[in-house]
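K.L.:
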Amino acid sequence: MNRYLDELERTGSSLMVYKGGRLIFQSSSKGIRPHLEAIEQLGDDLHGSVMADKIVGRAAALLILHSGAAEAHAALISTPGRQVLEQHGLRFTYAQETPHIKMQDGRIYCPFEAMVQGISDPAEAYHAITEKMRALRGQR
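Throughout the sequence shown, residue numbering follows the working numbering, covering 1247 to 1386 in sequence.
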(Lines of atoms letter the chains of each structure in order from A and count residues from 1; the text may use other names and numbers.)
(Lines give C-alpha, C1' and ligand atoms only; values in the text may rest on other atoms or scores of the structure.)
Protein backbone atom coordinates (compact mmCIF):
# COMPACT_ATOMS: atom_id res chain seq x y z
CA MET A 1 0.00 0.00 0.00
CA ASN A 2 0.99 3.64 -0.01
CA ARG A 3 1.40 6.06 2.89
CA TYR A 4 -2.11 7.50 2.49
CA LEU A 5 -3.76 4.08 2.59
CA ASP A 6 -1.49 2.99 5.43
CA GLU A 7 -2.63 5.99 7.48
CA LEU A 8 -6.27 5.38 6.56
CA GLU A 9 -6.01 1.81 7.82
CA ARG A 10 -4.01 2.75 10.92
CA THR A 11 -6.61 5.30 12.05
CA GLY A 12 -9.68 3.29 11.06
CA SER A 13 -10.94 6.26 9.06
CA SER A 14 -13.11 6.01 5.99
CA LEU A 15 -11.89 9.28 4.39
CA MET A 16 -8.82 11.41 4.96
CA VAL A 17 -8.10 14.58 2.98
CA TYR A 18 -4.67 16.19 2.75
CA LYS A 19 -3.61 19.53 1.34
CA GLY A 20 -0.12 20.93 1.29
CA GLY A 21 1.06 17.81 3.09
CA ARG A 22 -1.19 18.25 6.10
CA LEU A 23 -4.43 16.55 7.10
CA ILE A 24 -7.39 18.92 6.64
CA PHE A 25 -10.32 16.49 7.02
CA GLN A 26 -10.92 13.08 8.53
CA SER A 27 -14.08 11.03 8.96
CA SER A 28 -15.11 7.57 10.07
CA SER A 29 -18.67 7.93 8.77
CA LYS A 30 -19.93 5.24 6.41
CA GLY A 31 -20.86 5.37 2.72
CA ILE A 32 -20.60 8.61 0.80
CA ARG A 33 -21.46 10.74 3.84
CA PRO A 34 -17.77 11.66 4.49
CA HIS A 35 -17.47 13.17 1.01
CA LEU A 36 -20.62 15.23 1.53
CA GLU A 37 -19.36 16.38 4.95
CA ALA A 38 -16.00 17.39 3.45
CA ILE A 39 -17.67 19.33 0.64
CA GLU A 40 -20.00 21.11 3.09
CA GLN A 41 -17.22 21.97 5.55
CA LEU A 42 -14.35 22.80 3.20
CA GLY A 43 -15.87 23.72 -0.16
CA ASP A 44 -13.24 25.24 -2.46
CA ASP A 45 -10.44 24.35 0.00
CA LEU A 46 -10.72 20.80 -1.38
CA HIS A 47 -9.35 21.93 -4.76
CA GLY A 48 -5.93 20.41 -5.26
CA SER A 49 -6.27 18.06 -2.30
CA VAL A 50 -5.29 14.41 -1.95
CA MET A 51 -8.09 12.09 -0.85
CA ALA A 52 -7.59 8.69 0.76
CA ASP A 53 -10.84 6.73 0.78
CA LYS A 54 -11.67 3.29 2.13
CA ILE A 55 -14.19 2.50 -0.66
CA VAL A 56 -14.52 4.33 -3.98
CA GLY A 57 -17.49 3.42 -6.11
CA ARG A 58 -18.88 5.44 -8.99
CA ALA A 59 -20.75 7.83 -6.64
CA ALA A 60 -17.65 8.53 -4.52
CA ALA A 61 -15.51 8.93 -7.66
CA LEU A 62 -17.90 11.58 -8.99
CA LEU A 63 -17.83 13.38 -5.61
CA ILE A 64 -14.01 13.27 -5.59
CA LEU A 65 -14.06 14.92 -9.02
CA HIS A 66 -16.69 17.45 -7.90
CA SER A 67 -14.42 18.35 -4.97
CA GLY A 68 -11.59 19.26 -7.31
CA ALA A 69 -9.13 16.82 -5.74
CA ALA A 70 -5.77 16.48 -7.46
CA GLU A 71 -5.43 12.78 -6.66
CA ALA A 72 -7.17 9.92 -4.89
CA HIS A 73 -6.11 6.72 -3.16
CA ALA A 74 -8.60 3.91 -2.54
CA ALA A 75 -8.28 0.78 -0.45
CA LEU A 76 -11.12 -0.70 -2.54
CA ILE A 77 -12.37 0.67 -5.86
CA SER A 78 -15.20 -0.51 -8.07
CA THR A 79 -14.62 -0.96 -11.77
CA PRO A 80 -17.13 1.85 -12.58
CA GLY A 81 -15.38 4.11 -10.03
CA ARG A 82 -12.00 3.40 -11.62
CA GLN A 83 -13.41 4.09 -15.08
CA VAL A 84 -14.84 7.48 -14.01
CA LEU A 85 -11.51 8.58 -12.52
CA GLU A 86 -9.65 7.40 -15.64
CA GLN A 87 -12.08 9.19 -17.99
CA HIS A 88 -11.54 12.46 -16.12
CA GLY A 89 -7.75 12.03 -15.99
CA LEU A 90 -7.46 12.12 -12.21
CA ARG A 91 -4.32 10.57 -10.72
CA PHE A 92 -5.24 7.68 -8.45
CA THR A 93 -4.06 4.44 -6.90
CA TYR A 94 -5.94 1.56 -5.36
CA ALA A 95 -5.15 -1.60 -3.42
CA GLN A 96 -8.03 -3.78 -4.64
CA GLU A 97 -10.73 -3.65 -7.35
CA THR A 98 -14.23 -5.11 -7.29
CA PRO A 99 -16.88 -5.17 -10.05
CA HIS A 100 -19.48 -3.29 -7.94
CA ILE A 101 -20.05 -1.75 -4.53
CA LYS A 102 -22.76 -3.63 -2.68
CA MET A 103 -24.68 -3.04 0.52
CA GLN A 104 -23.26 -4.46 3.74
CA ASP A 105 -25.48 -7.53 3.37
CA GLY A 106 -23.58 -8.22 0.12
CA ARG A 107 -26.74 -8.85 -1.88
CA ILE A 108 -27.89 -5.58 -3.42
CA TYR A 109 -26.04 -2.70 -5.01
CA CYS A 110 -25.54 0.48 -3.05
CA PRO A 111 -28.48 2.80 -3.88
CA PHE A 112 -26.14 5.70 -4.64
CA GLU A 113 -24.20 3.55 -7.09
CA ALA A 114 -27.43 2.68 -8.89
CA MET A 115 -28.58 6.30 -8.84
CA VAL A 116 -25.47 7.70 -10.57
CA GLN A 117 -25.14 4.97 -13.22
CA GLY A 118 -26.29 7.24 -16.03
CA ILE A 119 -24.55 10.38 -14.72
CA SER A 120 -21.11 11.40 -15.92
CA ASP A 121 -21.04 15.07 -14.83
CA PRO A 122 -19.64 15.45 -11.27
CA ALA A 123 -21.79 18.53 -10.49
CA GLU A 124 -24.94 16.73 -11.64
CA ALA A 125 -24.01 13.72 -9.51
CA TYR A 126 -23.43 15.93 -6.45
CA HIS A 127 -26.84 17.55 -6.91
CA ALA A 128 -28.60 14.18 -7.33
CA ILE A 129 -26.85 12.68 -4.30
CA THR A 130 -27.56 15.64 -2.01
CA GLU A 131 -31.24 15.62 -3.07
CA LYS A 132 -31.46 11.90 -2.31
CA MET A 133 -29.83 12.44 1.12
CA ARG A 134 -32.34 15.20 1.92
CA ALA A 135 -35.20 12.91 0.93
CA LEU A 136 -33.82 10.10 3.08
CA ARG A 137 -33.48 12.44 6.08
CA GLY A 138 -37.09 13.52 5.59
CA GLN A 139 -38.28 9.90 5.84
CA ARG A 140 -36.74 9.39 9.27
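Note that beta-carbon positions come from the ideal geometry of N, C-alpha and C, so glycine has one too.
Would you call the stretch 1335 to 1348 in contact with the stretch 1306 to 1326, where contact means no fewer than 3 C-beta pairs closer than 8 Å?
P.N.:
Touching, yes.
K.L.:
Counting only runs that start and end within the stretch 1280 to 1352, where is the beta strand (DSSP E) found for 3 or more residues in a row?
P.N.:
Taking only runs of at least 3 residues, the beta strand (DSSP E) segments lying wholly in the stretch 1280 to 1352 are 1296 to 1302, 1317 to 1324, 1337 to 1344.
K.L.:
Do you know offhand how far S1259's Cα is from E1370's?
P.N.:
Here residue 1259 refers to the residue found at position 13 when the sequence shown is read from its first residue. Here residue 1370 refers to the residue found at position 124 when the sequence shown is read from its first residue. Between S1259 and E1370, the C-alpha separation is close to 27 Å.
K.L.:
Sorry if obvious, but does the Cβ on I1375 come closer than 7 Å to a heavy atom of the ligand MN?
P.N.:
No copy of the ligand MN occurs in the structure displayed, which carries no ligand at all.
K.L.:
What does the Cβ neighbour count give for D1252, buried or exposed, with the cut at 16 atoms within 10 Å?
P.N.:
Here residue 1252 refers to the residue found at position 6 of the sequence shown. So D1252 counts as exposed.
K.L.:
Please report the distance separating the alpha-carbon of L1269 from that of L1382.
P.N.:
Counted from its first residue, the sequence shown places residue 1269 at position 23. Counted from its first residue, the sequence shown places residue 1382 at position 136. In a straight line, the C-alpha of L1269 is about 30 Å away from that of L1382.
K.L.:
Have a look at L1331 and R1279 and give me their C-alpha separation to the nearest angstrom.
P.N.:
Along the sequence shown, read from residue 1 onward, the residue named residue 1331 stands at position 85. Along the sequence shown, read from residue 1 onward, the residue named residue 1279 stands at position 33. Cα-Cα distance, rounded: 19 Å.
K.L.:
Are V1263 and L1292 closer than 8 Å when you measure CB to CB?
P.N.:
Translated into positions along the sequence shown, residue 1263 becomes position 17. Translated into positions along the sequence shown, residue 1292 becomes position 46. Yes, these two residues count as a Cβ contact at 8 Å.
K.L.:
Can you look up K1265 in the DSSP assignment and give me helix, strand or coil?
P.N.:
Taking the sequence shown and counting its residues from 1, the one referred to as residue 1265 is at position 19. K1265: strand per DSSP, three-state reduction.
K.L.:
For the alpha helix (DSSP H) containing D1252, list its first residue and its last residue.
P.N.:
Along the sequence shown, one-based indexing puts residue 1252 at 6. 1249 to 1257 is the extent of the alpha helix (DSSP H) around D1252.
K.L.:
If you draw a straight line from the C-alpha of T1257 to the C-alpha of A1307, how long is it?
P.N.:
Here residue 1257 refers to the residue found at position 11 when the sequence shown is read from its first residue. Here residue 1307 refers to the residue found at position 61 when the sequence shown is read from its first residue. Their Cα atoms are separated by approximately 22 Å.
K.L.:
In angstroms, rounded to a whole number, what distance separates the CA positions of Q1329 and R1304?
P.N.:
The residue you call residue 1329 lines up with position 83 of the sequence shown. The residue you call residue 1304 lines up with position 58 of the sequence shown. Straight-line Cα distance between these residues: approximately 8 Å.
K.L.:
Candidates G1335, G1314, P1357, V1296: which alpha carbon is nearest Y1250's?
P.N.:
Taking the sequence shown and counting its residues from 1, one reaches residue 1250 at position 4. Nearest of G1335, G1314, P1357, V1296 to Y1250, Cα basis: V1296.
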